[in-house]
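Peer 1: Be aware that the sequence shown starts at 1, since it is given in my numbering, and climbs by one per residue. Ideal Cβ positions, reconstructed from N, Cα and C, are used throughout, including at glycine. Predicted, not measured: the structure shown is a model, and the values here were computed from it. Attaching a single structure in structure tokens format; questions to follow.
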Amino acid sequence: MGRLNPLELKNDPRWADIPVVGACVVRSIHNSTSMPHSSSSNNTKHRIRKKYADFQEIDWNYEYGLIRTSDAAVPVAGQGSRGYMKILDSRWVILSVSSFLMGMLAVAIDYLSTWFHDLRVGVCYGSFIKLESQCDVKGSGWSSWSHVIFYFMRPENMIHKFNDWIVYVITAVLLAFFAVVLTRNMPYAMNSGIADIKFILSGFVVNGFLSPRVWISKIVGLVMVVAAGVWVGKEGPLVHISCGVTDYIMSFSPKFYNNEALKREILSASTAAGIAVAFNAPIGGVLFTLEQISSFFPIDKLMWNSFVCATISVTVLQSLHPFQEVMSQQAFFVSDDETWLLFEALPFIILGLIGGFAGVMFNKLNIKLAKLKQTYIAGRKNRQLIEVLLLALVTAVVSYPILIATMPLPQMLAVLFKDCNTEAAATTVVCKIETRISEDGVFPVGLFGMLLLTAIQGFVLSSYSYGTTIPGGVLMPSLAIGALIGRLVGSVIHYMQVAYPDLSIFVNCNGKGQCISPGSYAVVGAGAFVAGVTKMTVAVVVILFELTGALAYVLPIMIGVLISRFVNDMFLDMSCYELWLAFQKRPYLRSSLEELGKPSMSMVECKSILKPIHELDLLYLDQDLTFRDLVNLTESREPSTTVFPVVEGKSRPILVGYLTAYELERELSKIKEIQGLSLDTSVALEETTDGYSINSIVNTDPICMSPDLPVLTLYEMLSKLQLPMVFFCYPGQGKLLKGTLTKGDLIEILDGDDLERI
Numbered sequence: 001m002g003r004l005n006p007l008e009l010k011n012d013p014r015w016a017d018i019p020v021v022g023a024c025v026v027r028s029i030h031n032s033t034s035m036p037h038s039s040s041s042n043n044t045k046h047r048i049r050k051k052y053a054d055f056q057e058i059d060w061n062y063e064y065g066l067i068r069t070s071d072a073a074v075p076v077a078g079q080g081s082r083g084y085m086k087i088l089d090s091r092w093v094i095l096s097v098s099s100f101l102m103g104m105l106a107v108a109i110d111y112l113s114t115w116f117h118d119l120r121v122g123v124c125y126g127s128f129i130k131l132e133s134q135c136d137v138k139g140s141g142w143s144s145w146s147h148v149i150f151y152f153m154r155p156e157n158m159i160h161k162f163n164d165w166i167v168y169v170i171t172a173v174l175l176a177f178f179a180v181v182l183t184r185n186m187p188y189a190m191n192s193g194i195a196d197i198k199f200i201l202s203g204f205v206v207n208g209f210l211s212p213r214v215w216i217s218k219i220v221g222l223v224m225v226v227a228a229g230v231w232v233g234k235e236g237p238l239v240h241i242s243c244g245v246t247d248y249i250m251s252f253s254p255k256f257y258n259n260e261a262l263k264r265e266i267l268s269a270s271t272a273a274g275i276a277v278a279f280n281a282p283i284g285g286v287l288f289t290l291e292q293i294s295s296f297f298p299i300d301k302l303m304w305n306s307f308v309c310a311t312i313s314v315t316v317l318q319s320l321h322p323f324q325e326v327m328s329q330q331a332f333f334v335s336d337d338e339t340w341l342l343f344e345a346l347p348f349i350i351l352g353l354i355g356g357f358a359g360v361m362f363n364k365l366n367i368k369l370a371k372l373k374q375t376y377i378a379g380r381k382n383r384q385l386i387e388v389l390l391l392a393l394v395t396a397v398v399s400y401p402i403l404i405a406t407m408p409l410p411q412m413l414a415v416l417f418k419d420c421n422t423e424a425a426a427t428t429v430v431c432k433i434e435t436r437i438s439e440d441g442v443f444p445v446g447l448f449g450m451l452l453l454t455a456i457q458g459f460v461l462s463s464y465s466y467g468t469t470i471p472g473g474v475l476m477p478s479l480a481i482g483a484l485i486g487r488l489v490g491s492v493i494h495y496m497q498v499a500y501p502d503l504s505i506f507v508n509c510n511g512k513g514q515c516i517s518p519g520s521y522a523v524v525g526a527g528a529f530v531a532g533v534t535k536m537t538v539a540v541v542v543i544l545f546e547l548t549g550a551l552a553y554v555l556p557i558m559i560g561v562l563i564s565r566f567v568n569d570m571f572l573d574m575s576c577y578e579l580w581l582a583f584q585k586r587p588y589l590r591s592s593l594e595e596l597g598k599p600s601m602s603m604v605e606c607k608s609i610l611k612p613i614h615e616l617d618l619l620y621l622d623q624d625l626t627f628r629d630l631v632n633l634t635e636s637r638e639p640s641t642t643v644f645p646v647v648e649g650k651s652r653p654i655l656v657g658y659l660t661a662y663e664l665e666r667e668l669s670k671i672k673e674i675q676g677l678s679l680d681t682s683v684a685l686e687e688t689t690d691g692y693s694i695n696s697i698v699n700t701d702p703i704c705m706s707p708d709l710p711v712l713t714l715y716e717m718l719s720k721l722q723l724p725m726v727f728f729c730y731p732g733q734g735k736l737l738k739g740t741l742t743k744g745d746l747i748e749i750l751d752g753d754d755l756e757r758i
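Below, the structure written as structure tokens:
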């Protein structure tokens with residue numbers, strides 16, 4: 001059968017049986033209902049750039065329409081500047097430059113935070129700028145501050161330990177104080193930033209979040225917080241900083257910067273650079289973007305852009321890092337003849353169960369603490385300052401007696417991930433205790449207590465610290481907590497192998513001594529807990545593989561992550577980032593109905609939850625309007641009212657279009673600037689050559705749906721099509737308006753109860 005031409009297709013009776021979505025394209029507003037939309041009007045609309053209010057969702061169709069109609073062309077003056085602008089208008093230049101700068105910033109942040117942290121406990125003789133790990137032990141070596149200041153005392157004098165403890169606590173409080181002072185007047189410089197980036201990339205405008213003043217302050221504050229030893233990570237702020245740097249580079253390219261859709265396309269790729277440099281894991285950074293950052297862009301384009309960013313940023317990081325020899329060591333090594341045993345699948349599953357349950361508890365505790373802080377601390381700068389100082393004080397006091405708890409989190413991970421079968425690893429605090437298992441066959445009570453106490457301490461302090469008024473992320477603390485739990489389980493299994501070598505489960509041990517790798521349990525535990533907190537799966541496995549190089553243990557990591565995610569989904573529908581967006585009452589839609597987990601809503605129709613027409617603020621074409629009427633309308637509106645539907649008349653409210661409150665208020669603000677206009681001047685919603693018309697800001701293509709549409713179907717449409725709101729019209733009656741429903745209203749209905757139950 002040949003292809004049908006359009007005329008034959010139109011006359012084919014089967015055409016009427018094809019189901020279509022009940023959307024409508026509404027005619028343009030003009031003086032005569034029969035007159036077609038004029039080209040001059042169309043040009044007028046494109047000359048006036050649509051503006052967005054703070055926390056308003058962008059119009060994706062409008063933004064991409066600008067690209068299609070005019071290719072977002074920006075006129076440039078002079079022949080000499082044209083080539084310059086053309087270079088800057090290349091997305092690859094923007095991504096390359098921003099990724100290069102991000103790699104350099106990551107080097108500076110990593111070095112300075114480690115240097116300040118080491119400076120709290122001592123100094124390297126002969127080279128003040130060297131880290132403890134770089135200090136030449138053949139020379140004077142590393143010395144604590146007490147030994148430097150009280151050099152006349154004998155080295156074994158116990159007063160030195162007390163003096164070092166005082167210096168450790170005071171420096172922690174001082175660094176936290178400087179971090180708060182830097183960020184207390186900039187709310188966007190606080191917290192992680194990943195949740196806000198997810199919100200922005202989903203299509204919302206957050207003015208000032210990516211400004212240079214914010215991310216520069218966040219860089220300095222992050223260095224201070226990490227050096228202070230607070231249980232937060234660098235990865236969240238690095239994602240924010242990466243997007244901020246990219247946004248600044250983009251500001252030199254009007255083509256991308258002035259188009260909200262293209263801007264988000266570039267920003268979504270730059271998130272990969274932030275994660276990649278945080279973990280030295282380029283592939284993990286790309287997968288993090290695909291898995292965690294919900295976006296409106298084709299996955300192949302997003303992956304390619306993210307790949308470029310991650311590759312360049314990590315190349316710069318590894319080339320310029322001042323202690324590259326420390327970074328380049330794999331966390332633990334797995335020889336060709338050493339792999340995991342089949343019976344170990346059971347402890348790996350147990351670690352997955354623990355990670356899933358612990359992730360749920362962590363997220364719930366974090367939100368409960370956030371609610372308490374919102375009630376008693378939020379908005380009170382003095383209380384916020386005292387809170388952070390007390391947090392730093394408590395963290396330093398409880399950490400100092402436990403040697404592993406005083407380490408920076410990346411160093412702690414390296415210690416936990418390493419097995420004790422190498423000369424370099426044998427000197428670590430964990431291995432000094434663990435080697436006694438093999439030598440004496442005694443249960444490691446000291447190691448068990450150290451790991452358990454540090455895990456509990458990290459769990460409580462990190463759940464409180466994440467979301468406090470300081471920069472800091474949750475991924476690195478989650479890795480550390482999970483690694484502590486995993487190493488604890490691994491040490492117990494190792495003890496069983498040494499104490500009871502004749503058990504049948506150890507029959508495959510090769511007789512060379514240790515055949516259980518406690519470090520591998522730490523890796524599996526880290527992956528399981530991170531999956532329980534963030535609900536990430538593939539990205540976590542790849543990041544841990546890139547961190548450790550443990551190819552043989554990829555499957556155990558996957559087992560732990562798989563069980564953790566299943567368990568977590570049974571008790572909590574949202575990740576830590578989505579919980580924070582819900583806590584902040586941000587209208588963020590999750591990407592799929594499976595993540596929503598609301599089967600009870602499958603039979604509910606939109607007509608039972610929509611906002612009916614009698615509750616809406618309407619504008620009528622047949623009504624004589626003045627500027628005073630419009631001013632009164634905007635001043636009397638509810639804060640939740642962001643749109644004014646335009647209908648033909650009161651007797652028959654046929655939907656014609658709508659006005660956003662923000663654009664209407666901007667238009668009204670021009671009254672004082674235009675000579676001859678006053679509050680009593682008549683204003684028309686239609687195109688007119690006589691009088692003042694605001695037709696250029698009327699959106700004439702609203703989406704109309706049937707009120708009988710299932711709520712979950714509407715959820716899918718809002719999520720996939722990135723619609724901020726929809727209008728509902730009576731079935732079979734043309735465009736007769738029945739009501740509206742915004743994305744924020746739908747989210748409040750579906751997710752509001754979930755947050756209240758936490």
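Which residue comes first and which comes last in the beta strand (DSSP E) that contains Trp-142?
Peer 2: On the sequence shown, residue 142 is found 142 positions in, with the first residue counted as 1. That run of the beta strand (DSSP E) goes 142-144.
Peer 1: Whose CA, out of Leu-547, Leu-369, Leu-668, lies closest to the CA of Phe-583?
Peer 2: Residue mapping note: residue 583 aligns to position 583 of the sequence shown, counting from 1. Answer by Cα proximity: Leu-369.
Peer 1: Given a threshold of 16 other Cβ atoms within 10 Å of its Cβ, counted over all protein chains shown, does Phe-332 qualify as buried or as exposed?
Peer 2: Position 332 of the sequence shown, counted from the first residue, corresponds to residue 332. Bear in mind that a pLDDT of 43 at Phe-332, under 50, signals an unreliable position, so the model cannot answer this.
Peer 1: Do the CB positions of Lys-607 and Asn-568 come within less than 8 angstroms of each other?
Peer 2: Walking along the sequence shown from the start, residue 607 turns up at place 607. Walking along the sequence shown from the start, residue 568 turns up at place 568. No; because the gap between Cβ atoms is not below 8 angstroms, this pair is not in contact.
Peer 1: Taking the straight line between their C-alpha atoms, what separation do you get for Leu-201 and Glu-57?
Peer 2: The count along the sequence shown starts at 1 and reaches residue 201 at position 201. The count along the sequence shown starts at 1 and reaches residue 57 at position 57. In a straight line, the C-alpha of Leu-201 is about 10 angstroms away from that of Glu-57.
Peer 1: Drop a sphere of 10 angstroms on the beta-carbon of Gln-623, count the other beta-carbons inside from all chains shown, and report buried for 16 or more, exposed for fewer.
Peer 2: Walking along the sequence shown from the start, residue 623 turns up at place 623. The residue is exposed, with fewer than 16 neighbouring Cβ atoms inside 10 Å.
Peer 1: What does the Cβ neighbour count give for Asp-118, buried or exposed, with the cut at 16 atoms within 10 Å?
Peer 2: Here residue 118 refers to the residue found at position 118 when the sequence shown is read from its first residue. Buried, by the Cβ-count rule.
Peer 1: Taking the C-alpha atoms as reference points, what is the distance between Phe-297 and Ala-661?
Peer 2: Indexing the sequence shown from 1 puts residue 297 at position 297. Indexing the sequence shown from 1 puts residue 661 at position 661. Looking at the two C-alpha atoms, the distance is approximately 28 angstroms.
Peer 1: Pick out whichever of Val-489, Leu-95, Leu-461 has its Cα sitting closest to the Cα of Leu-416.
Peer 2: Against the sequence shown, residue 416 aligns to sequence position 416. The shortest Cα separation from Leu-416 among Val-489, Leu-95, Leu-461 belongs to Val-489.
Peer 1: Give the list of continuous alpha helix (DSSP H) stretches no shorter than 4 residues that lie fully inside the stretch 541-581.
Peer 2: If we require 4 residues or more, the alpha helix (DSSP H) runs fully inside the stretch 541-581 come out as 554-571.
Peer 1: Quick one, which of Pro-556, Phe-288, Ala-539 has its alpha-carbon nearest Gly-519's?
Peer 2: The residue you call residue 519 lines up with position 519 of the sequence shown. Closest option to Gly-519, Cα to Cα, is Pro-556.
Peer 1: Is Asn-527 near Gly-473, with beta carbons less than 8 angstroms apart?
Peer 2: On the sequence shown, residue 527 is found 527 positions in, with the first residue counted as 1. On the sequence shown, residue 473 is found 473 positions in, with the first residue counted as 1. Checking the displayed sequence, the identity of residue 527 turns out to be Gly instead of Asn. Contact: no.
Peer 1: Helix, strand or coil: which one does DSSP assign to Ile-129?
Peer 2: Here the question's residue 129 lines up with position 129 in the sequence shown. Coil at Ile-129, not helix or strand.
Peer 1: Which two residues bound the contiguous alpha helix (DSSP H) that contains Pro-254?
Peer 2: Translated into the one-based positions of the sequence shown, residue 254 becomes position 254. Start and end: 254-257.
Peer 1: Give the DSSP bridge partners of Glu-57, in chain order.
Peer 2: Position 57 of the sequence shown, counted from the start, is the residue given in the question as residue 57. Beta-bridge pairing links Glu-57 to Phe-204.
Peer 1: Where Leu-287 and Val-538 are concerned, what is the direct C-alpha to C-alpha distance, given to the nearest angstrom?
Peer 2: As a working note, residue 287 is residue 287 in the sequence shown. As a working note, residue 538 is residue 538 in the sequence shown. Using only the alpha carbons, I get a separation of about 7 angstroms.
Peer 1: Please report how far the alpha carbon of Val-524 lies from the alpha carbon of Phe-204, in whole angstroms.
Peer 2: Counting from 1 along the sequence shown, the entry for residue 524 is found at position 524. Counting from 1 along the sequence shown, the entry for residue 204 is found at position 204. The straight-line gap from Cα to Cα measures roughly 37 angstroms.
Peer 1: With Gly-657 as the anchor, note down where its beta strand (DSSP E) starts and where it stops.
Peer 2: If you number the sequence shown from 1, residue 657 lands on position 657. Per DSSP, Gly-657 belongs to the beta strand (DSSP E) from 655-660.
Peer 1: Could you check the C-alpha separation between Ile-769 and Ile-241 for me, to the nearest Å?
Peer 2: The chain is shown only over 1 to 758; residue 769 falls outside these bounds and no answer can be derived.
Peer 1: Please return the same chain residues whose Cβ sits closer than 7 angstroms to the Cβ of Asn-223, not counting the five positions on each side in sequence.
Peer 2: By 1-based counting over the sequence shown, the position of residue 223 is 223. The displayed chain sequence assigns Val, not Asn, to residue 223. Within the same chain, Val-223 has close Cβ partners Ile-109, Leu-112, Ser-113, Phe-116.
Peer 1: By the DSSP assignment, the beta strand (DSSP E) with Met-725 in it spans what residues?
Peer 2: Start at 1 with the first residue of the sequence shown, and residue 725 comes out as number 725. Its beta strand (DSSP E) spans residues 725-729.
Peer 1: When DSSP builds the beta bridges, which residues end up paired with Val-398?
Peer 2: The count along the sequence shown starts at 1 and reaches residue 398 at position 398. DSSP lists no partner for Val-398.
Peer 1: Rounded to the nearest angstrom, how far is the Cβ of Glu-546 from that of Ala-278, given a contact under 8 angstroms?
Peer 2: To locate residue 546, count along the sequence shown from 1; it is residue 546. To locate residue 278, count along the sequence shown from 1; it is residue 278. Rounded, the Cβ-Cβ distance is 12 angstroms, inconsistent with contact.
Peer 1: Once DSSP output is grouped into helix, strand and coil, what is the label at Tyr-248?
Peer 2: Indexing the sequence shown from 1 puts residue 248 at position 248. In the structure shown, Tyr-248 sits in a helix (DSSP, three-state: H, G or I).
Peer 1: Ignore the nearest five residues each way along the sequence and tell me which others in Trp-60's own chain have a CB closer than 7 angstroms to its CB.
Peer 2: The residue labelled residue 60 in the question sits at position 60 within the sequence shown. The residues are Gly-203, Ala-261, Phe-296, Gln-722.
Peer 1: Work out the CA separation of Asp-708 and Leu-409 for me, nearest whole Å.
Peer 2: Reading the sequence shown from its first residue, position 409 is the one you call residue 409. Reading the sequence shown from its first residue, position 708 is the one you call residue 708. Spanning the two alpha carbons is a distance of roughly 54 angstroms.
Peer 1: What does the alpha-carbon distance come out to for the pair Asp-629 and Val-646?
Peer 2: Looking up residue 629 in the sequence shown gives position 629. Looking up residue 646 in the sequence shown gives position 646. Straight-line Cα distance between these residues: approximately 14 angstroms.
Peer 1: Between the alpha carbons of Thr-468 and Gln-733, how many angstroms are there, rounded?
Peer 2: By 1-based counting over the sequence shown, the position of residue 468 is 468. By 1-based counting over the sequence shown, the position of residue 733 is 733. Cα-Cα distance, rounded: 53 angstroms.
Peer 1: Thinking just about the alpha-carbon of each residue, which of Tyr-52, His-494, Ala-405 is nearest to the one in Ala-455?
Peer 2: One-based indexing of the sequence shown puts residue 455 at position 455. The residue with the shortest Cα to Cα distance from Ala-455 is Ala-405.
Peer 1: Run through the DSSP bridge pairs and tell me what Lys-611 is partnered with.
Peer 2: To locate residue 611, count along the sequence shown from 1; it is residue 611. Thr-740.
Peer 1: Who does Asn-699 pair with in a DSSP beta bridge?
Peer 2: By one-based count along the sequence shown, residue 699 stands at place 699. Tyr-658, per the DSSP bridge assignment.
Peer 1: What is the rounded straight-line gap between the Cα of Met-186 and the Cα of Asp-247?
Peer 2: By 1-based counting over the sequence shown, the position of residue 186 is 186. By 1-based counting over the sequence shown, the position of residue 247 is 247. Looking at the two C-alpha atoms, the distance is approximately 18 angstroms.
Peer 1: What does DSSP give as the partner residues of Met-705 in its beta bridges?
Peer 2: In the sequence shown, counting from the first residue as 1, residue 705 sits at position 705. Note: Met-705 sits in a beta bridge opposite Phe-728.
Peer 1: For Trp-92, is the classification buried or exposed, using 16 other Cβ atoms within 10 angstroms of its Cβ as the cut-off for buried?
Peer 2: Translated into positions along the sequence shown, residue 92 becomes position 92. Flag for Trp-92 reads exposed.
Peer 1: Are Ala-272 and Cys-309 close, meaning C-beta to C-beta below 8 angstroms?
Peer 2: Taking the first residue of the sequence shown as 1, we reach residue 272 at position 272. Taking the first residue of the sequence shown as 1, we reach residue 309 at position 309. Yes, Cβ-Cβ distance for Ala-272 and Cys-309 is below 8 angstroms.
Peer 1: Does Asn-421 come out as helix, strand or coil in the three-state DSSP assignment?
Peer 2: The residue you call residue 421 lines up with position 421 of the sequence shown. In the structure shown, Asn-421 sits in coil (DSSP, three-state: anything other than H, G, I, E or B).
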